[in-house]
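Protein chains in written order, with this note's numbering: chain A, 40 to 155; chain B, 1083 to 1300.
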């Protein structure tokens, strides 16, 4: 996947780390110390539609441009910048009875983005 | 990556200034975590747990549940460690009360497996039997009745683990479990169930939160 470097307007993964101490949740969340709430942002012009989020070869881009130009007039929704790889978030926390709870929340951290 | 004052490349809408954007993202992160934990709000801790008890208990936690979550029934697996409140204990018996939060906004908790961990201090060369009684309260009155009992041989000071059966699991699912530990035979004279900070008895439970009903999303 491509990480946003600030200048790109194309579909990429924006990293965003939430420090539990900063939001005052470190007293009830034992582990981890924070949560990488990464998200996908940026544009998906037609010639990169369907790209799995990797740097496409020049040939593929040209081929897709041709496809896009021929179908440019076709109706149909655009392509969106969406997560293409995600992993679980393991949490260890206190519940309101001060029990210790451990759980793995599936698909909680975005690892890569790509165009639908 | 929306620049303040520009146009957002993703949605084309007006962009937020970076501080507002950060506030929005932090709020989304909080709601996302609480939603996935089936909590309506962050817990406020009723009684802090000592670091010694926390350390002892975490050594009992197993690794992450193996395998992917069964998407079919959309359940989520939890491991819960509940520390005992030592209520009406006497010289002859130790009563332990455990509370399991029912603060989950959606879903009923199903206890898949539960075990009791407790520390016994024995006089040198003393051995004996410990009778662990599972008491359940009748929904119509507060009296506790004996559901099952387990006899455990104790022959040295240390931590003991006892796997609890379906009656205890049901009591945990209902939110409240009461156990009574009664030393018998030689153990009755020379044994003590420790309940201090580092030796606080606790129950570990493997819990699944099933969807009580599918939450209709707008």
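From the three backbone atoms N, C-alpha and C, an ideal C-beta is built for every residue, glycine too.
DSSP places residue 1249 of chain B inside the alpha helix (DSSP H), whose first and last residues are 1248-1256. Cβ proximity to chain A below 9 Å picks out 1112, 1114, 1115, 1118, 1119, 1121, 1124, 1125, 1126, 1127, 1128, 1129, 1130, 1131, 1136, 1139, 1140 from the segment 1112-1142 of chain B.
In terms of beta-carbon proximity, residue 42 of chain A stays away from the interface with chain B, with every pair separated by 8 Å or more. DSSP places residue 88 of chain A outside both helix and strand once states are collapsed to three, so it counts as coil.
Taking residue 1138 of chain B as reference, the option from A:42, A:47, A:123, A:139 with the minimal CA-CA separation is A:139. Three or more beta-carbon pairs separated by less than 8 Å are not found between the segment 1092-1103 of chain B and the segment 60-74 of chain A, which leaves the two stretches without contact. Per DSSP, reduced to three states, the secondary structure at residue 40 of chain A is coil, with no helix or strand assignment.
Listed along the chain, the chain B residues whose CB falls inside 8 Å of the CB of residue 126 of chain A amount to none; the nearest CB is some 12 Å away.
Taking all protein chains in view, the Cβ of residue 1106 of chain B is surrounded by fewer than 16 other Cβ atoms within 10 Å, so the residue is classified as exposed.
Below the 7 Å Cβ cutoff, chain A contributes 142 as neighbours of residue 1158 of chain B, in chain order. The DSSP assignment places complete beta strand (DSSP E) segments of no fewer than 3 residues inside the segment 1161-1237 of chain B at 1176-1181, 1190-1204, 1210-1219, 1226-1236, in order along the chain. Residues of chain A with a Cβ closer than 8 Å to the Cβ of residue 1161 of chain B are, in chain order, 140, 141, 142. With a 10 Å radius around the Cβ and a threshold of 16 neighbouring Cβ atoms, residue 1208 of chain B comes out buried. Note on geometry: alpha-carbon atoms of residue 1267 of chain B and residue 1210 of chain B lie some 6 Å from one another. The shortest CA-to-CA distance from residue 56 of chain A to any of A:144, A:148, A:154, A:152 is the one to A:148. For the 8 Å CB-CB criterion, residue 1284 of chain B and residue 1163 of chain B form a contact. A contact is defined here as three or more CB-CB pairs under 8 Å, and the segment 118-125 of chain A fails this definition with respect to the segment 1099-1119 of chain B. Residue 1275 of chain B sits away from residue 1172 of chain B, with the two beta carbons spaced by 8 Å or more.
Taking a Cβ-Cβ threshold of 8 Å, the residues of chain B close to residue 135 of chain A are 1125, 1126, 1127, 1128, 1183, 1185, in chain order. Here residue 1168 of chain B is not near residue 1217 of chain B, since their CB atoms are 8 Å or more apart. Judged by DSSP secondary structure, residue 1115 of chain B falls outside any beta strand (DSSP E) and instead within the alpha helix (DSSP H) spanning 1100-1118. Residue burial annotation: residue 1291 of chain B is buried, with at least 16 other C-beta atoms found within 10 angstroms of its C-beta.
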